[in-house]
Structures are given as structure tokens and as C-alpha cells.
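First to last, the protein sequences are chains A and B.
This note's numbering numbers the first residue of the first sequence as 1032 and each following residue consecutively.
This note's numbering numbers the first residue of the second sequence as 520 and each following residue consecutively.
Ideal Cβ placement from N, Cα and C applies to all residues, glycine included.
Report on the following structure.
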Amino acid sequence: DAGVIQSPRHEVTEMGQEVTLRCKPISGHNSLFWYRQTMMRGLELLIYFNNNVPIDDSGMPEDRFSAKMPNASFSTLKIQPSEPRDSAVYFCASTGRDSYTDTQYFGPGTRLTVL
Amino acid sequence: DQQVKQNSPSLSVQEGRISILNCDYTNSMFDYFLWYKKYPAEGPTFLISISSIKDKNEDGRFTVFLNKSAKHLSLHIVPSQPGDSAVYFCAAQWTGANSKLTFGKGITLSVRP
């Protein structure tokens, strides 16, 4: 299995631009998580889906962030408009059943830089 | 409000010696704890876990200890190897429907040859 796939791996954009990050979970997994990693806050959960339905989006920082999962094999995290403070590494992870003690498998991350 | 705290940002040890990575938590509802390891330019990977019904779990060179009364867990690596140099994240959750992992900020371990 290819594991969790994220694209792009690096994104550099200017403040005010729209940014879309993409994730393909491991085939057969039905829970998907979006995380953000920063030096100050470590790994923060932004949102997670179970069977393509958003379960908990309490970690989404503000309305500029939105996430979708139109089917079991694809999810997007969108930031519009982007700001310099959004610069971070964004990870997607998936797991096999629900999140009940199942190991989460992480993608390689997207390093976002907003100038 | 950090519910999972890794207060030491970095640790450096000599190859062959023991590495002890500490983690504290504040939420008494947490009953399952995990350690993840992260190399540069890669995502975190699962290392070892422990349920609150145990106080120790061992897997090869890695052992996790849990002290529920102190809300403290630690990861021991014996013997440490240069390939263990990475960022280690402690994570916790309460086991139940729609539960989620709460991560600490991570500790950067450097193992000197």
C-alpha cells in the first residue's frame, strides 16, 4: 500500500491567496484526520471525518479554513484567504475503523509558507 | 490549554545509553496513551502504546511506563542508537466513540555516536 498521500509537499503563496491541500487516505480506512504542526503549538487536530462525515471540527482555527471529504478516497483542506500565521506543516492521517485506539497513519505532510 | 505536556524540548544522549522521554497529562479522562516518532520531512509514525489498565508496556528496546496517580508517562529507549534521533510525540485519548488524539509538542532526541 502506498500509505497516506498528500499533495503538494511544499506550497509557497502570498498572503490573501487561496490554498488547497489534498489528501488520499489508505484504501479501506474510514476515518481521516487533518493536523497542523507548529513550533509553538505542536501537533493540533483541525478536523476529522468518519465515513466521509465531519465529526469534530472544533480545532479549525477560523472561518478561513474549510475541509471536505467528497468520497472515501479524497479530502481537501482549504484556506481562503491565507495569512502568514497559517505557515506550518499540515498532516493528513487515516485509520481503519473509528478512532477508538486504532493507530493513525500519517502522510508526509505539506509544508505551507505564506509570505 | 495544553492537556498533554512535554516540557523538555530536546534531549541528547550517548549511543548505547538509556534515553528517557517524559510526558505529563492533565485530563483524567485519558485512558490510552501513545508515542509517535517523526523524522524530518516525514509524517509521524506509531511507536508504542499503553492502556491505563497497565503500568508498563515493552516492545524490544522501547518501554513505556504509566503512572496514573501522577498523570505521567515516560518512554525508555535502551540501548539508544543514532537512528533513534528524531522528534518523539506523546499522545493521549479517551477510548470511546468519536474519540481523538491529543498530542504534546514533541521532544527532539539526539543520540550521539
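Helix or strand or just coil, what does DSSP make of Asp1087(A)?
strand
Chain B residues whose Cβ lies nearer than 9 angstroms to that of Gly1073(A):
Gln521, Val523, Gln525, Phe608, Phe622, Gly623, Lys624 and Gly625
Run down chain B in chain order and give the residues with a C-beta less than 7 angstroms from the C-beta of Thr1134(A).
Phe565
May I ask you to verify whether the region 560-577 of chain B touches the region 520-531 of chain B, counting CB pairs closer than 8 angstroms and requiring at least 3?
no
Sequence-distant residues of its chain with Cβ nearer than 6 angstroms to Arg1053(A) (five each side left out)
Ser1038 and Thr1107
Three-state secondary structure (DSSP) at Gly1073(A)?
strand
Beta-carbon of Tyr1052(A) versus every beta-carbon of chain B: anything under 7 angstroms?
Residue 1052(A) is actually Leu in this sequence, not Tyr. By this cut-off, Leu1052(A) is not an interface position.
Assigned exposure category for Val1043(A) - 16 Cβ within 10 Å defines buried:
exposed
One question on the structure: do Trp613(B) and Phe549(B) come within less than 7 angstroms of each other, judged by their Cβ atoms?
yes
Cβ-Cβ separation, Leu540(B) to Leu594(B) (assumed contact under 8 angstroms), whole Å
4 angstroms
So, Phe1122(A) versus Tyr1066(A), is the Cβ gap smaller than 7 angstroms?
yes
Assuming Ser1106(A) is part of the beta strand (DSSP E), what are its boundary residues?
Phe1105 to Ile1110
Can you pull the chain E residues whose beta carbon is under 7 angstroms from the beta carbon of Tyr1121(A), in chain order?
Note that chain E does not occur in the displayed structure, where the protein chains are A and B.
Comparing the C-beta of Ser1130(A) with each C-beta of chain B, is any distance below 7 angstroms?
Unreliable placement is indicated for Ser1130(A), whose pLDDT of 48 sits below 50; the coordinate value is still reported in the next sentence. With 7 angstroms as the cut-off, Ser1130(A) counts as an interface residue toward chain B.
Report the neighbours of Gly535(B) on chain A: residues whose CB is nearer than 8 angstroms to its CB, in chain order.
Per Cβ cutoff of 8 angstroms: no residues; Gly535(B) is ~29 angstroms from chain A at best.
Could you tell me which of Arg1072(A), Val1120(A) and Asp1088(A) sits nearest to Leu1063(A), measuring between CA atoms?
Asp1088(A)
Cβ-based contacts, 9 angstroms cut-off: residues of the region 550-561 of chain B near chain A:
Tyr551, Leu553, Tyr555, Lys557, Ala560 and Glu561
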